[in-house]
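Protein chains in written order, with numbering that gives the first Met the number 0: chain A, 0 to 86; chain B, 0 to 569.
Taking it in order: structure first as structure tokens, then the write-up.
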Amino acid sequence: MISKSVKVVNENGLHMRLAGIFAGEMSKFKSNTVLLVRNNRINAKSIMHIIASCVKGGTEITIECSGADEQEALARAVELIESGFGE
Amino acid sequence: MLKGIGASDGYGIGKAVVIDEKKPEYISSKAEDAEKEIRRFEKAVEIFRNTTQKKADVIRREAGAYHAKILEGHMMMLADPFMQDEIRGMIKTGVCAEEAVDSACDMFVSMFSRVDDELTRQRAADVDDIRLRLLRILTGVSDAGLDRITENTVLVMKNLTPSLITGIVKGKVAGIVTECGGKYSHAAILARALEIPVVSGVRDICSVVSDGIMLAVDGFRGECIAEPSDAEIAFYTEKRKVCCEGKEQLNSFRSKETFTLDGMKVKLSGNAGIPQDIYEVRKYGGEGIGLYRTEFLFMNTDGIPSEEEQFEIYKNAAELMDGREVMIRTFDISAEKNISCSRLIKEKNPELGFRAVRYLLEHEEIYRIQLRALLRASAYGNIKIIVPFVTCPDEIRRVKAIIEELKCELDASGVRYDKNIRTGVMIETPAAGIAADLLARESDFFSIGTNDLIQYIMAADRDNAAVAYLYSPYHPAVLRMIKHIVDVGRKNGLDVGLCGEAAADTLLIPVFISFGIKEFSVNASAILNVRQEIGRWTKVQAENLCRQIFSCETEREVYDLLKKNARDNI
Chain A
0 MISKSVKVVN ENGLHMRLAG IFAGEMSKFK SNTVLLVRNN RINAKSIMHI IASCVKGGTE
60 ITIECSGADE QEALARAVEL IESGFGE
Chain B
0 MLKGIGASDG YGIGKAVVID EKKPEYISSK AEDAEKEIRR FEKAVEIFRN TTQKKADVIR
60 REAGAYHAKI LEGHMMMLAD PFMQDEIRGM IKTGVCAEEA VDSACDMFVS MFSRVDDELT
120 RQRAADVDDI RLRLLRILTG VSDAGLDRIT ENTVLVMKNL TPSLITGIVK GKVAGIVTEC
180 GGKYSHAAIL ARALEIPVVS GVRDICSVVS DGIMLAVDGF RGECIAEPSD AEIAFYTEKR
240 KVCCEGKEQL NSFRSKETFT LDGMKVKLSG NAGIPQDIYE VRKYGGEGIG LYRTEFLFMN
300 TDGIPSEEEQ FEIYKNAAEL MDGREVMIRT FDISAEKNIS CSRLIKEKNP ELGFRAVRYL
360 LEHEEIYRIQ LRALLRASAY GNIKIIVPFV TCPDEIRRVK AIIEELKCEL DASGVRYDKN
420 IRTGVMIETP AAGIAADLLA RESDFFSIGT NDLIQYIMAA DRDNAAVAYL YSPYHPAVLR
480 MIKHIVDVGR KNGLDVGLCG EAAADTLLIP VFISFGIKEF SVNASAILNV RQEIGRWTKV
540 QAENLCRQIF SCETEREVYD LLKKNARDNI
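Written out as structure tokens, the structure is:
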């Protein structure tokens with residue numbers, strides 16, 4: 000299992016559209032990905048989970064990946080969040 | 000006149016079609032064959048995906064890829080492993096597909112509704128939308144009566160859902176009126192993108208209006224008129240025409256600053272009532288936040304919002320506006336309306352009662368939390384403090400004394416804040432207006448709150464229809480009062496800003512320019528209109544008109560004269 004902390008840069012946080020992109024991208028990997036938000040563990044492959052956890056802009060979150068392709072999954076997750084999903 | 004909230008700008012007139020959005024009924028039966036039931040569910044999901052994809056394609060063409068994502072989001076929500084497991088799991092226990100979908104959606108709706116964030120709560124409406132469509136597919140009930148739409152229809156419904164709005168053929172629907180919903184629902188966002196005027200939150204509209212009745216919709220003011228007169232129809236038809244023509248031209252004002260025709264700089268800011276409003280103000284090129292109401296902080300809590308929570312919100316506003324002014328009005332609360340944890344005091348006349356600064360000075364512990372949060376946040380941008388509902392100088396003196404104490408506290412603990420933070424009075428009572436010279440000695444600026452000021456000068460409750468004719472900014476008494484306040488402010492070297500609905504009334508712009516008002520704060524959606532209107536007047540032209548206005552004796556005369564001289568005849 001590997002992990003990294005990142006800050007959500009998008010003003011409106013991980014709202015529905017971004018949650019959708021994120022869950023979609025994470026689903027492409029075999030590894031399980033979990034977001035640690037405040038004290039909650041969020042399934043990163045679930046758009047519903049991400050929306051319900053209400054990750055606002057500026058929040059510090061930790062991404063945890065475990066599985067065969069955990070390096071690639073974590074790199075992609077960090078890239079998405081840190082680039083603000085290219086917005 | 001039916002009042003609501005303007006959720007999407009524009010004017011529309013047409014015949015009402017009342018849409019019934021009742022959840023299709025189903026008999027909750029035990030499914031004999033769970034495998035078969037799961038196949039039935041999968042089939043419904045497939046149909047859902049196909050129809051939603053088609054709608055998304057339409058939206059992509061009409062409004063762009065960004066908005067199509069809302070519907071694609073619905074597909075993702077339904078495909079979500081968490082959601083799928085929930086539904087499939089229930090079917091496996093012998094529940095029929097309808098009931099499984101229904102209760103899984105219930106679970107997500109309550110999960111989203113509990114969250115302390117307006118954007119997330121609005122997603123509950125998306126889940127409801129998904130549920131409705133899935134149940135329709137499963138039970139074979141057809142769509143909610145969109146087939147009744149003909150040319151110039153005004154849709155009337157309880158809730159506007161994204162899928163419903165995308166089922167609408169553009170050009171046929173002249174407007175939409177709903178009982179529930181807000182500005183930030185996905186449906187409202189789509190309506191704005193498709194430029195369909197929407198008025199939300201009109202109480203009982205579905206029972207008041209029936210099919211075939213004429214409705215005029217004003218999405219700017221959040222109003223609609225049932226069975227308008229011929230004159231009203233002509234009025235709104237013309238407004239609609241000019242509005243459509245003006246829209247393109249108006250867009251060119253987005254990135255501009257505000258000047259009068261003869262080049263005097265005016266600061267045109269936007270109002271905010273919840274944090275999301277700040278994004279709207281930025282979108283329309285607001286030059287600051289001229290009035291940030293803070294009562295929303297009490298909406299989702301039973302107690303007093305904490306200093307940390309408030310600090311984050313004020314800081315965020317300051318940072319978002321990036322050096323531009325953010326004028327934050329301290330709580331306009333009363334025990335009855337906002338604070339459920341304190342003992343209830345029933346007041347006979349709450350509007351004249353124990354509220355705002357009166358309440359806060361008696362409950363200093365609440366005020367200190369807010370003022371401390373404001374001071375701390377002031378280190379991150381350009382924050383100013385507005386004290387509401389002031390009637391006499393000792394109130395503002397006491398507030399400033401508390402602020403000075405808090406500054407010492409912060410100094411002692413080495414916390415940063417803006418040492419020159421300015422504190423001003425919201426002039427909204429006749430007492431404050433008449434004795435403005437006394438308040439000027441204690442204030443750094445004035446902000447004229449026209450909504451309350453009109454109500455108190457005219458002694459007319461704005462929500463009481465019987466005296467509504469008195470509640471008008473065109474009354475000579477109101478205009479004289481505003482002029483007096485501006486004159487006193489200027490004489491004492493104070494900046495005087497204007498907020499409230501009257502500030503966005505384009506008819507009154509020349510009057511305010513002639514008074515010498517250089518700061519306006521209006522709702523985000525009105526910014527471009529007001530900016531354009533300010534640019535249509537020179538000081539001299541405005542003064543000439545204003546001289547005539549001050550010789551008028553009645554509200555009607557003032558209105559007629561302004562109307563006659565209006566630059567935009569929208």
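We treat Cβ as the ideally placed atom computed from N, Cα and C, and that holds for glycine.
Beta-carbon separation (whole angstroms), residue i vs residue j, contact threshold 8 angstroms
i: B/Tyr470; j: B/Ile453; result: 6 angstroms
i: B/Val495; j: B/Ile516; result: 6 angstroms
i: B/Ile382; j: B/Ala434; result: Incorrect: roughly 27 angstroms between the Cβ atoms, too far for contact.
i: B/Val466; j: B/Ala476; result: So it is not a contact: roughly 14 angstroms between Cβ atoms.
i: A/Ile49; j: A/Ala22; result: 6 angstroms
i: B/Met75; j: A/Ile46; result: 5 angstroms
i: B/Met533; j: B/Thr257; result: Strictly speaking, residue 533 of chain B in this sequence is Ile, with Met absent from that position. That pair is a contact at about 6 angstroms.
i: B/Ala501; j: B/Thr428; result: Not really, about 16 angstroms apart at Cβ, beyond 8 angstroms.
Rounded C-alpha distance that separates residue i from residue j
i: B/Val155; j: B/Arg59; result: 25 angstroms
i: B/Ile37; j: B/Ala30; result: 10 angstroms
i: B/Cys179; j: B/Leu189; result: 16 angstroms
i: A/Asn9; j: B/Tyr455; result: 44 angstroms
i: B/Asp125; j: B/Ala67; result: 14 angstroms
i: A/Val88; j: A/Val36; result: The question about residue 88 of chain A has no answer, for chain A in this structure spans 0 to 86.
i: B/Ile484; j: B/Gly432; result: 6 angstroms
i: B/Thr177; j: B/Gly352; result: 34 angstroms
i: B/Lys347; j: B/Val207; result: 31 angstroms
i: B/Glu20; j: B/Asp101; result: 15 angstroms
i: B/Gly285; j: B/Glu364; result: 34 angstroms
i: B/Val172; j: B/Ile164; result: 10 angstroms
i: B/Asp321; j: B/Asp436; result: 33 angstroms
i: B/Ser254; j: B/Lys246; result: 15 angstroms
i: B/Asp410; j: B/Cys242; result: 53 angstroms
i: A/His14; j: B/Thr119; result: 7 angstroms
i: B/Asn151; j: B/Lys14; result: 7 angstroms
i: B/Gly289; j: B/Asn522; result: 10 angstroms
i: B/Leu506; j: B/Ile512; result: 11 angstroms
i: B/Arg113; j: B/Ile508; result: 43 angstroms
i: B/Ser341; j: B/Leu267; result: A caution first: B/Ser341 carries a pLDDT of 45, below 50, which makes its placement in the model too unreliable to give a value.
i: B/Ser482; j: B/Val510; result: Note that residue 482 of chain B is Lys in the sequence shown, not Ser. In a straight line, the C-alpha of B/Lys482 is about 9 angstroms away from that of B/Val510.
i: B/Arg48; j: B/Gln83; result: 14 angstroms
i: B/Lys490; j: B/Met110; result: 56 angstroms
i: B/Ile148; j: B/Asp128; result: 20 angstroms
Contact set between residue i and chain A, taken where Cβ atoms lie within less than 9 angstroms
i: B/Thr160; result: Ordered by position in chain A, no residue passes the 9 angstroms Cβ test against B/Thr160, which lies about 14 angstroms from the chain.
i: B/Lys68; result: Met15, Arg16, Gly19, Ile20
Contacting residues, own chain, Cβ-Cβ under 7 angstroms from residue i (five flanking each side not counted)
i: B/Ile395; result: Val386, Val389, Val424, Leu438, Glu441, Ser442
i: B/Ala372; result: Glu306, Gln309, Phe310, Tyr313
i: A/Ala59; result: The sequence as given places Glu at residue 59 of chain A; Ala does not occur at that position. Only Ser4, Lys6 meet the Cβ criterion.
i: B/Val487; result: Ala435, Asp436, Ala439
i: B/Ile90; result: Ala30, Ala33, Glu36, Ile37, Phe40, Ala96, Ala99
i: B/Ala378; result: Arg415, Tyr416, Asp417
i: B/Glu71; result: Ala55
Partner residues on chain A for residue i, Cβ-Cβ distance less than 7 angstroms
i: B/Arg122; result: Met15, Ile50
i: B/Met110; result: Ala51
i: B/Phe47; result: Result: empty, since nearest Cβ-Cβ is about 16 angstroms, beyond 7 angstroms.
Own chain, CB closer than 8 angstroms to residue i, minus 5 neighbours either side, in chain order
i: B/Ile232; result: Ile12, Met213, Ala215
i: B/Leu360; result: Tyr366, Glu394, Arg397, Val398
i: A/Val77; result: Lys3, Val5, Ile62
i: B/Val557; result: Tyr473, His474, Pro475, Leu478, Ile548, Cys551
Per-residue contacts from residue i into chain B (C-beta, under 9 angstroms)
i: A/Asn11; result: Leu118, Gln275, Tyr278
i: A/Ile153; result: Residue 153 of chain A lies beyond the residue range present for chain A, which begins at 0 and ends at 86; the question has no answer from this structure.
Sequence-distant residues of its chain with Cβ nearer than 6 angstroms to residue i (five each side left out)
i: B/Ile46; result: Ile136
i: A/Cys53; result: none
i: B/Gly221; result: Gly3, Ile4, Gly5, Val198
i: A/Gly12; result: Val54, Lys55, Gly56
i: B/Leu544; result: Pro509, Asn564
Check: residue i C-beta below 8 angstroms from any heavy atom of the ligand HEM
i: B/Cys551; result: Although the ligand HEM was asked about, the structure shown includes no ligands whatsoever.
Proximal residues of chain B, C-beta to C-beta of residue i below 8 angstroms
i: A/Asn42; result: Pro80, Phe81
i: A/Gly23; result: Met75
Inset, instruction - Tell me the start and end of each unbroken beta strand (DSSP E) in the segment 16-57 of chain A that is at least 3 residues and wholly inside, in chain order. - result: 31-36, 39-42
Legend entry - Uninterrupted beta strand (DSSP E) stretches inside the segment 179-230 of chain B (no shorter than 3 residues): 197-199, 213-217, 222-225
Legend entry - Whole runs of the beta strand (DSSP E) within the segment 313-377 of chain B, excluding any shorter than 3 residues: 324-328
Inset, instruction - Write down every uninterrupted run of the alpha helix (DSSP H) in the segment 242-278 of chain B whose length is 4 residues or greater and which is fully enclosed by it, in chain order. - result: none
Inset, instruction - Within the segment 392-428 of chain B, note down every full beta strand (DSSP E) run reaching 3 residues or more, in order along the chain. - result: 421-426
Legend entry - beta strand (DSSP E) runs wholly inside the segment 8-66 of chain B, at least 3 long, in chain order: 10-17
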